[in-house]
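Peer 1:
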Amino acid sequence: MKEYSLVGCGGVGGPTGANFLLKTPKLSVLVDCGLIQGSHFAMQENETSFPYNPKEISFLFVTHAHMDHIGRIPKLVKDGFSGVIYSTIETRELAVYMLEDAEKLIAREASESHRESIYGREDVFHALSLWKTLPYQTSLDLSDIISVYLKDAGHILGSAIIEINLKEIGKKIVFTGDLGNSPTPLLRDTEIVDSADYMVIESVYGDRNHEPKDVRDAKLHSVLVESLNRGGTVVIPAFSLERTQVILYEINELVEKKKIPRAPIFLDSPLAIKVTSVYRAHTENFNEKVRDIISGGDDIFDFPGLEVVRNPMESEAIHSRVGAKIIIAGSGMSVGGRVLSHELFYLSDPNATILLVGYQVPGSLGRRIEEHALNVSINGQNISVRAHIEKISGFSSHKDSNGLVDFVSHSAKTLKKVFVAMGENKSATFLAQRLCDELDVDAIVQEKGREYKL
Ligand SMILES: [Zn+2]
């Protein structure tokens, strides 16, 4: 019997840092190589060596361009990887901006703590030189051992579910990456996966269900109307990739249908502006409803009142603009970016609202705010939190617990094992239990570093 095995080197025991190693008798491949994010100690973890020799890896498949799936690729290359990287074209285009941005943040953080940066610009360029693209629904034969096929995950632009066929043993292993909360405002629904033998599935929301979409939309509407009518500032910390575009699209609808009071809306995220340009260039990936709106002549990412903030001076100047306004800024978990200066300014303002529209990892400032901390510290300054804290979970770009169970159900008859990963321990455990109980499949919480024979 030929030996095939799977090792979760990252993205196990926590939602970030996805990095899965698939060993076959002739070659080894990786799926994703992400940054561990959230806590102050994360950079030390990101600096540690990979638990395999990067020189011995033939291929790296990338599910999507979020940093917790791509952020350590330049380090992999720096440490000797010289194989081929594959993803969709959209993921590659987004990765150019995401990695450029990350490299600067990492370099700054390293110099502040007097450490060497984990990689430099040259490593980013080198990684991109190894990076090829593969369209959705196109089988690619990579050797007599494996072929690969990408399906639309519906999570962010370009996101893919990676199906790897192990040809010699006639088995299919599926890496879900992150799975979209379909139906989503912009993207197509997650494609169905059937006949998988093995599956590595994300579980960020494995133990919870999102609020229904009509509740989500009504809540966004009511929070904005109440806050703006009070004359307050609404700060929306939003991930530059996907969440910002979704929020822009939703506000575009509210503004054009005159459902919210007229107020300036600032898009204050250099990265989000670049990412939005990639979204504009790939509207063929949007769902039918959005494509119809676009072909009717509407620019879904632009509307009256939108002010695109280009530089830090313009960003600071927002604070002197009195009256109601909305500020959309990164980062989404308040671990850096321009949102910090807005939170520093508005968290203590009882008239302001911080509107959380995404997942907040434990250890992040966003999580402290979400948990209604009375005091927080930003750049060494203590702030008493007096602003209204609102949260809308329905904008999540991840499937909820019911969505994940439904996704797996299509392969329930053929699955030999499901490895539940990419979630906090309680989410992963809860999802694994549900899959066992409701679908009668063998589902386990994947353990970091453990080698599982396939
Ligand atoms: Zn993601």
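In terms of the working numbering, the sequence shown is numbered consecutively and its last residue is 699. Ideal Cβ positions, reconstructed from N, Cα and C, are used throughout, including at glycine.
Which residues share a DSSP beta bridge with Y331?
Peer 2: DSSP, once it has assigned bridges, lists F306, K377 as partnering Y331.
Peer 1: Let me make sure I understand the geometry here. Which of V621, L305, S427, L660 has the alpha-carbon closest to that of D376?
Peer 2: For the sequence presented, residue 376 should be read as Trp rather than Asp. Cα-wise, what sits closest to W376 is L305.
Peer 1: I'd like to confirm the pairing. Which residues does DSSP put opposite K570 in its beta bridges?
Peer 2: K570 pairs with T478.
Peer 1: Should D423 be listed as close to ligand 1, given that the test is whether its C-beta is under 7 Å from any heavy atom?
Peer 2: For ligand 1, at least one heavy atom lies less than 7 Å from the Cβ of D423.
Peer 1: Considering only the alpha carbon of each residue, which of Y297, T261, K644 lies closest to K458?
Peer 2: If we check each option's Cα against that of K458, K644 comes out closest.
Peer 1: Could you check which residue in G577, N620, D423 has the C-alpha nearest to that of S485?
Peer 2: Minimum Cα distance to S485 is reached at G577.
Peer 1: Can at least three beta-carbon pairs, one atom from the region 499 to 512 and one from the region 568 to 575, be found at a separation below 8 Å?
Peer 2: Yes, they touch.
Peer 1: From the DSSP output, which residues share a beta bridge with N670?
Peer 2: According to DSSP, which records beta bridges pairwise, N670 is partnered with nothing at all.
Peer 1: Hey, T598 and L411: beta-carbon distance below 8 Å or not?
Peer 2: No.
Peer 1: Sort G255, F640, V274 by Cα distance to I391 and report the nearest one.
Peer 2: Checking every option, the nearest Cα to that of I391 belongs to V274.
Peer 1: Give the secondary structure of S638 by DSSP, where H, G and I count as helix, E and B as strand, and everything else as coil.
Peer 2: Helix, per DSSP.
Peer 1: Measuring only the C-alpha atoms, how far is D277 from R337?
Peer 2: C-alpha separation (whole angstroms): 13 Å.
Peer 1: Looking at G422 and H400, is the spacing between their C-beta atoms short of 8 Å?
Peer 2: Cβ distance < 8 Å, so H400 and G422 count as in contact.
Peer 1: Could you tell me whether any non-hydrogen atom of ligand 1 is closer than 7 Å to the CB of H455?
Peer 2: No, ligand 1 has no heavy atom inside 7 Å of this Cβ.
Peer 1: Given this structure, state the Cα-to-Cα distance separating D386 from V393, to the nearest angstrom.
Peer 2: Near 7 Å, if we compare the C-alpha coordinates of V393 and D386.
Peer 1: For the putative contact between I539 and T528, defined by C-beta atoms under 8 Å, what is the C-beta separation to the nearest angstrom?
Peer 2: That pair is a contact at about 6 Å.
Peer 1: Quick check on L397: buried or exposed, where buried means 16 or more other Cβ atoms within 10 Å of its Cβ?
Peer 2: The question names Leu, but residue 397 is Asp in the sequence shown. Burial call: buried.
Peer 1: Tell me the rounded alpha-carbon separation between G258 and H314.
Peer 2: Cα to Cα, the separation comes out at about 15 Å.
Peer 1: Tell me which residue opens and which closes the alpha helix (DSSP H) that A287 is part of.
Peer 2: Per DSSP, A287 belongs to the alpha helix (DSSP H) from 287 to 292.
Peer 1: If you draw a straight line from the alpha carbon of E552 to that of F640, how long is it in whole angstroms?
Peer 2: Straight-line Cα distance between these residues: approximately 23 Å.
Peer 1: Ends of the alpha helix (DSSP H) at Q626?
Peer 2: Counting along the chain, Q626 falls outside any alpha helix (DSSP H), though it belongs to the beta strand (DSSP E) covering 626 to 629.
Peer 1: Give a single yes or no on whether P315 has its beta carbon closer than 7 Å to a heavy atom of ligand 1.
Peer 2: Correcting the residue identity first, residue 315 is Ile in this sequence and not Pro. I315: no, Cβ never under 7 Å from ligand 1.
Peer 1: Could you give the first and the last residue of the continuous beta strand (DSSP E) run that contains A688?
Peer 2: First-last of the beta strand (DSSP E) with A688: 688 to 690.
Peer 1: At the level of alpha carbons, what is the spacing between V479 and E367?
Peer 2: V479 and E367: Cα-Cα distance of roughly 39 Å.
Peer 1: Tell me, please, whether the region 249 to 266 touches the region 656 to 673 by the rule of three or more beta-carbon pairs shorter than 8 Å.
Peer 2: Yes: the two stretches touch, three or more of their Cβ pairs being nearer than 8 Å.
Peer 1: Please tell me whether, using a cut-off of 7 Å, the distance from the CB of I281 to the nearest non-hydrogen atom of ligand 1 is below it.
Peer 2: Not under cutoff, so the answer is no.
Peer 1: For ligand 1, is there a heavy atom less than 7 Å away from the beta-carbon of H564?
Peer 2: Outside the cutoff, so no.
Peer 1: I need the boundaries of the beta strand (DSSP E) containing T598, first residue and last residue.
Peer 2: 598 to 601 is the span of the beta strand (DSSP E), which, as asked, contains T598.
Peer 1: So, Q282 versus T261, is the Cβ gap smaller than 8 Å?
Peer 2: A contact, by the Cβ cut-off of 8 Å.
Peer 1: I'd like to know if the region 646 to 661 and the region 680 to 687 are in contact, where contact means that at least 3 CB-CB pairs between them fall below 8 Å.
Peer 2: Result yes; three or more Cβ-Cβ pairs closer than 8 Å.
Peer 1: Here's the rule I'm using: 16 or more other beta-carbon atoms within 10 Å means buried, otherwise exposed. How should I437 be labelled?
Peer 2: By the neighbour-count rule (16 or more Cβ atoms within 10 Å), I437 is not buried but exposed.
Peer 1: Between the C-alpha atoms of Q382 and L585, what's the straight-line distance to the nearest angstrom?
Peer 2: Taking the straight line from one Cα to the other gives about 41 Å.
Peer 1: Touching or not, the region 598 to 612 and the region 620 to 638, by the rule of three or more beta carbon pairs under 8 Å?
Peer 2: Short answer: they touch.
Peer 1: Go ahead and pull the three-state DSSP assignment for M558.
Peer 2: Helix.
Peer 1: Closest to G415 by C-alpha separation, out of Y249, L610, A677, would be which residue?
Peer 2: For G415, the nearest C-alpha among the options comes from Y249.
Peer 1: By a C-beta neighbour count over all protein chains shown, 10 Å radius and 16 as the cutoff for buried, is P607 buried or exposed?
Peer 2: Per the 10 Å Cβ criterion, exposed.
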